[in-house]
Amino acid sequence: MDFLIGRLVLALAMVAVLVSADDDVDAGPVYIVRMKGHPIAAMIDKPVYAINEEDDHETRDFVEMHTASLRRNHDAFLESLLEEGSYEKLYSYTYLMNGFAVKLRDEVHVDSIRAHPDVLSLEHEVHFRKTTTYTPFFLGLDPRAWKNVGTFAKAGEDIVIGVLDTGIDPRHPSFANTTSRPYSFNRHWEKVCAASPTFPKGSCNGKIIGARHFSKGIVAANAFNASNDYDSPLDGDGHGSHTSSVCAGNNGVYVSVDKYIYGRASGMAPRARIAVYKVIYRDGGYLSDVLAGIDQAVQDGVHVLSISLGATSGAYGVPFLNSFDIMMLLAFKANVFIVHAAGNNGPAAFSMNSFGPWVLSVAAGMTDRTYSTPIILGNGQWVYGTGLTAGTSARKLYPLIYSQDAYIAGVTSFDQEFYSYCSDPSPFNKTLVSGKILICNFVDYFSGGAVTQIEGALATAIATGAAGLLIVFPTSAEKTPTKDTVFDPIPFTIPASFVVDPNASALILQHYNEKTVKDSKGQVLRFDAQARIEDSRHPLYPLEAPRVASYSSRGPVYADTVTSLVADVMKPDVLAPGNQIWGAWTPKGTDANSFTGKPVTSASCRNFAMLSGTSMATPHVAGIAALLIQKYPRWRASTIRSAIMTTADNFDNRDRWTRAEQPYSNSSQAIGRACPFDIGSGAINATAALDPGLVFDVGFQDYVDFLCEIPGADQNSVEYSTGAHCGPENKNPSDLNMPYITVANLIGSRVVQRTVVNLGGEETYNVTVRHPAGVDVSVKPRVFKARTGKPVVINVTLTATQTNQQFTFGYMIWDGDKGHSVRVPLVVSANSMSG
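Numbered by mature numbering (1 follows the signal peptide of the UniProt record, and there is no 0), the letters in the sequence shown go through residues -21 to -1, 1 to 814 in order.
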């Protein structure tokens, strides 16, 4: 997740100190080569964590033997085909994929590798990027859901969440092992800690159960910054510490920023263990490192994998068959529950970063909490900005001074616009500014980004003795945000506010111009415009929530990008809180440099930051999945997925259908009704997911059969990639037993089958249907008695009653007489009434 303040990507300018690779292959490209032959996971039907728990030495020996064999095969292949010095093998992938990453001196060797009969596919290296105090309560975890697993003191106990990200700061109290109930050590994870001078022995403390880092890909790309990136699991960015704390941070950790405590933070599963897989760095990362992290995490034995990153380029061909998605399918076979960020490319359609139906793709939503800065003008008007600030003292009004009226003599008219951004204090008259509230302009194309500009204005205000700071969009600005744009508040060390709303900015400047007295030459005679800034560190809860954030990526997804064929898949899958989320930060990070915790006591936190994005939404779901695994250790990954999706909420805190910023159905609309391509099944409900009633189970072979029927997918490639054969029946992809029904090309009529299993007591269910526009829906049976553990087959007939040639949406709800409610979205594009 790129750190978002609204729609702006914030990053401090950095001077890269690069690590060079071998000169022989320094300029060459990196490729991911997939070989024919089965990976280890295709030959084992037992999860690694089960192998560890049972001390299954026979299976463990099998894994070690075949790992060594596949690595030897990869080396022998390269040695037989390429000259010595013409390549560098970066990784062998053995557990989830039979393949390797190789850096070539030049591309002349690519054709010979691709043409080799033992090669399944060859992919070019892809760049990846990074895609709390309140959310446990907002999601119903405290106290309702945590009670289902024995309160927060036991929530997530012994479940291992693997976090693929920028690493972790082991010194942060969110990851400390100093509680009254110390975390026990697991002997199966003793060797899974990559100690180094920057990540010393003891960093894996029981809470952090394992830590590894992968950097060969980024080093090969000459993009590794030796000064900041750290060739160890240490987090040099902050993003990984943040996501780790959201999914599994300790409960009750003080969130302290600039000596002010904003509350206490907790992860969703505060007693879960964290396994760290550092695969991405400040400026992103590369597919070869990401694949190595996934392959190792599953082999180590994680229960849940949280992935808050995505490729910067779109998928090509059949997205479900790329190496990233196939590797996650094999992780599903190993019963690892994978949660993946949908991406921050919204609100455009087809903007998903996450494709496979075996992965839970998470959209980002708003909570009802906000931090708003009231600004009271001298004329009695109230306007609002954003920021975390103490406010001006004594509740009195202070004179306003606009930056363009505060220069010392000699500043030319040519320079005035640039200096109006207040990035440099040298041209300002300190005597004029001192004791006043300084107004500075903002421009979103400023070199270095918004953080650099905001911090520059803050430094200028401090250096000139200003009583406060207002950052506004000038009325002459060519590009201003919309009224509904949301910018994450950052802490200010003096009373200050970033006035995002262009209308509010205009009111401030209008008041200033009306009250400021100037002579005929435009020189100020009296600064009579006044204002005061109120304390904004106390949260308010006025917002409708949940609501899909504008930046959250939207469906649908392609089955084949070459033919533009749309898949019978609903993406995203579920919505979770992702906007303005507090989480752990690292003093090594620069992306959110304003967030530097100032400890109040020895027990208070080091650093916290407030971030937004699908990166923040993803670990919320990963933590809740850990609670489900803790309560139901025998559940399959698909059962957990079904429980989360069928119990998701579709109404907000005002009992209104959940809405989306710039919804899929009309992205030009500021806010409108959310559909499944915005929100998936709905907003996650942790308490309901722990008691779902009916579930839709999907097995590994079901996914293989799904792939075999995707137009554009080669059956041999599917079988080589998965180690499984296509089934004898020709099934329609829409028959995959998912907790939704998606038909991207309905011609005439189609019967879609679903099978549900009752995990509760005996219960009678009755179905209610909301028909998608232009589609008639017939369900048989409409009423059935579900017995514990027994499957029920349901046939759903979809008939086009008009030609839409676009998606319309509906749902089925099965209500049980014991209180369970199971909701299934209907996503249909009726393209012809006859077939």
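Even for Gly, the Cβ is constructed at its ideal location relative to N, Cα and C.
Everything numeric in this text was worked out from a predicted model, so none of it was measured.
Applying the 10 Å Cβ sphere with the 16-neighbour rule, what's the burial state of residue i?
| i | result |
| --- | --- |
| Arg613 | exposed |
| Val683 | buried |
| Val87 | exposed |
| Gly789 | buried |
| Asp279 | buried |
| Gln784 | exposed |
| Glu67 | buried |
| Asn420 | buried |
| Ile560 | buried |
| His103 | exposed |
| Ala327 | exposed |
| Pro152 | buried |
| Ser75 | Residue identity differs from the one stated: residue 75 is Leu in this sequence, not Ser. Counting Cβ neighbours within 10 Å, Leu75 comes out buried, since at least 16 surround it. |
| Val142 | buried |
| His192 | buried |
Can you check whether the CB of residue j is closer than 9 Å to the CB of residue i?
| i | j | result |
| --- | --- | --- |
| Thr222 | Ser594 | yes |
| Val771 | Val758 | no |
| Leu379 | Thr495 | yes |
| Arg749 | Leu805 | yes |
| Gly557 | Val341 | yes |
| Leu69 | Lys195 | yes |
| Gly228 | Ser245 | yes |
| Ser476 | Thr439 | no |
| Ser382 | Ile418 | yes |
| Ala524 | Asp634 | no |
| Ala199 | Val9 | yes |
| Tyr241 | Pro521 | no |
| Leu725 | Phe685 | no |
| Ala205 | Cys226 | no |
| Tyr209 | Thr177 | yes |
| residue 823 | Gly672 | Residue numbering for the chain in the displayed model covers -21 to 814; residue 823 lies beyond these limits and cannot be assessed. |
| Lys497 | Gly215 | no |
Determine the DSSP secondary structure at residue i, reduced to helix, strand or coil.
| i | result |
| --- | --- |
| Arg652 | strand |
| Asn810 | strand |
| Ile188 | strand |
| Tyr398 | helix |
| Cys226 | helix |
| Met22 | helix |
| Ser175 | strand |
| Gln732 | strand |
| Met44 | helix |
| Ile469 | coil |
| Met589 | strand |
| Pro152 | helix |
| His106 | strand |
| residue 896 | Past the edges of the chain, shown from -21 to 814, lies residue 896, and the structure says nothing about it. |
| residue 840 | Summary: the structure shown does not reach residue 840, with the chain confined to residues -21 through 814, and so no result is reported for it. |
| Ala328 | coil |
| Asn745 | strand |
| Pro556 | strand |
| Leu437 | helix |
| Val338 | coil |
| Ser476 | strand |
| Glu32 | helix |
If I follow the unbroken beta strand (DSSP E) through residue i, where does it start and stop?
| i | result |
| --- | --- |
| Ile608 | Not the beta strand (DSSP E): Ile608 falls in the alpha helix (DSSP H), residues Thr593 to Lys610. |
| Ala510 | Gln509 to Ile512 |
| Arg620 | Looking at the DSSP string, Arg620 is not in any beta strand (DSSP E); the run it does join, the alpha helix (DSSP H), is Ala616 to Thr625. |
| Gly141 | Val139 to Asp144 |
| Cys687 | Element bounds for Cys687: not the beta strand (DSSP E) but the alpha helix (DSSP H), Phe679 to Cys687. |
How would you write the range of the alpha helix (DSSP H) that residue i sits in, first residue to last?
| i | result |
| --- | --- |
| Gly482 | Note on identity: in this sequence residue 482 is Asn, with Gly being the wrong assignment. Segment Pro481 to Lys494, the alpha helix (DSSP H) holding Asn482. |
| Cys183 | That residue, Cys183, is in no alpha helix (DSSP H); it is neither H nor E in DSSP. |
| Ser644 | Ser644 -> no alpha helix (DSSP H), and no H or E assigned at all. |
| Lys312 | Ser302 to Lys312 |
| Val269 | Leu266 to Asp279 |
| Arg374 | Per DSSP, Arg374 belongs to no alpha helix (DSSP H) and is neither H nor E. |
| Thr701 | Gln694 to Thr701 |
Meets three-Cβ-pair contact criterion under 8 Å: the segment 309 to 323 and the segment 627 to 637 = No: fewer than three Cβ pairs fall under 8 Å.
Count the C-beta pairs between the segment 546 to 563 and the segment 326 to 345 that are closer than 8 Å, then say yes if the count reaches three, no if not.
-> By the C-beta criterion, the segment 546 to 563 is judged to be in contact with the segment 326 to 345, since at least 3 inter-stretch pairs fall below 8 Å.
Are at least three pairs of beta-carbons, each pair with one atom in the segment 526 to 545 and one in the segment 288 to 297, less than 8 Å apart?
-> These segments touch.
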